[in-house]
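Let me begin by presenting the structure, written as structure tokens, before commenting on it.
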């Protein structure tokens with residue numbers, strides 16, 4: 001059985017199902033719901049009707065996008081890949097983001113198992129994938145969505161009750177999820193984070209990105225400033241494994257700034273921006289969508305998502321360089337070590 005599954009590309013591993021698949025889901029989310037929300041927000045602010053229409057349509061295709069993205073991440077054959085569009089759509093309709101993910105994941109793996117096993121593969125493979133996707137979406141989707149949202153509600157409530165402690169916990173957890181191979185964007189969407197909990201999450205993610213961009217400027221210059229600051233902090237994940245000290249400055253920046261955001265500055269965000277940080281400037285955009293475009297919001301965004309992380313991380317990293325804990329070249333980006 002094990003050899004058969006290996007031949008079919010079915011890997012019963014945590015990496016495949018909770019790292020690769022979640023990263024795939026994040027790509028699907030960004031390509032539909034998140035980018036659609038950005039387009040819609042721009043259209044609403046500039047009063048451009050067709051942008052609002054485009055954004056709304058893109059957001060509505062969240063389920064199919066997750067389905068095909070998960071299938072792609074699992075290296076599904078073509079018939080399974082295309083049939084997963086329906087699985088994601090069914091899961092998204094009946095169980096939200098989490099439902100789309102689970103329906104796509106299970107249906108794709110079963111589709112891969114039956115793929116090219118019969119002479120009527122063109123019928124059997126998509127049929128099995130679609131029927132499985134619908135069955136999972138119908139039976140499991142709503143329960144999974146409810147459970148994830150319940151956990152998210154608990155996190156939001158806990159943050160409202162203990163904004164300092166929970167702000168720190170959320171900031172660190174989501175920031176590290178962004179840097180290491182776990183999709184913070186997918187987690188935030190499935191948990192439906194909002195309010196100051198989402199604010200703490202986006203601060204933690206931004207702290208990793210902007211913090212690394214500033215503290216590694218010696219090695220990576222302008223290209224690193226851009227690729228880390230508005231790209232992804234995961235570019236330095238391999239470096240942090242070789243020298244764990246380099247993860248300290250951006251993490252400390254999040255620990256300091258998140259409680260300020262959850263208490264003094266009442267910093268809010270939404271599920272679409274919470275796990276994105278400054279990647280593609282999605283986090284700041286979603287802050288404006290949530291809190292408005294007033295001068296006070298601009299100041300909060302600049303302070304908590306850009307200036308604060310840069311200053312804290314740079315000062316701490318320079319101190320650690322003087323102590324010899326961080327050495328020249330420790331934060332040099334190695335492109336071959338980065339993940340998409």
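Residue numbers (the UniProt record's numbering): 1 to 340. For glycine and all other residues, C-beta sits at the position ideal for the given N, C-alpha and C.
Handout entry: Residues near residue 247 by beta carbon distance below 6 angstroms, same chain, minus five either side
Key = 240
Problem - Euclidean distance between Cα positions of residue 222 and residue 251 - result: 22 angstroms
Practice task
Starting from the C-beta of residue 26, find all residues in its chain whose C-beta is less than 6 angstroms away, skip the five residues before and the five after it, and write them out in chain order.
Solution key: Correct list, in chain order: 183, 185, 186.
Handout entry: Distance between residue 332 and residue 137 (C-alpha atoms, nearest Å)
Key = 44 angstroms
Practice task
Note down the Cα distance separating residue 99 from residue 168, rounded to an integer number of angstroms.
Solution key: C-alpha of residue 99 to C-alpha of residue 168: approximately 29 angstroms in a straight line.
Practice task
Tell me, to the nearest whole angstrom, how far the beta carbon of residue 70 is from that of residue 108; I am working on the premise that it is less than 8 angstroms.
Solution key: 6 angstroms
Practice task
Go through its chain and collect everything with a Cβ distance to residue 144's Cβ below 7 angstroms, but skip five positions before and after it.
Solution key: 95, 98, 99, 102
Practice task
Would you grab the beta carbon distance between residue 8 and residue 75 for me? Rounded to a whole angstrom, and I think it's under 8 angstroms.
Solution key: Contact between residue 8 and residue 75 is absent: CB atoms are separated by about 10 angstroms, not below the 8 angstroms threshold.
Exercise for the section: Might you give, ordered along the chain, the residues of its own chain that have their beta carbon closer than 6 angstroms to the beta carbon of residue 336, omitting 5 neighbours on each side? Expected result: Legend: pLDDT at residue 336 = 49, less than 50; position of this residue unreliable, value from coordinates given subsequently. Excluding sequence neighbours, residue 336 sits near nothing in its chain.
Handout entry: Cβ separation of residue 175 and residue 204, assumed to be a contact under 8 angstroms, to the nearest whole Å
Key = 4 angstroms
Exercise for the section: Assign residue 194 to one of three DSSP states: helix, strand, or coil. Expected result: Coil.
Practice task
Note down the Cα distance separating residue 160 from residue 170, rounded to an integer number of angstroms.
Solution key: 12 angstroms
Practice task
Using three-state DSSP, classify residue 23 as helix, strand or coil.
Solution key: helix
Practice task
Pick out whichever of 329, 147, 272 has its Cα sitting closest to the Cα of residue 37.
Solution key: Among 329, 147, 272, the Cα nearest to that of residue 37 is on 272.
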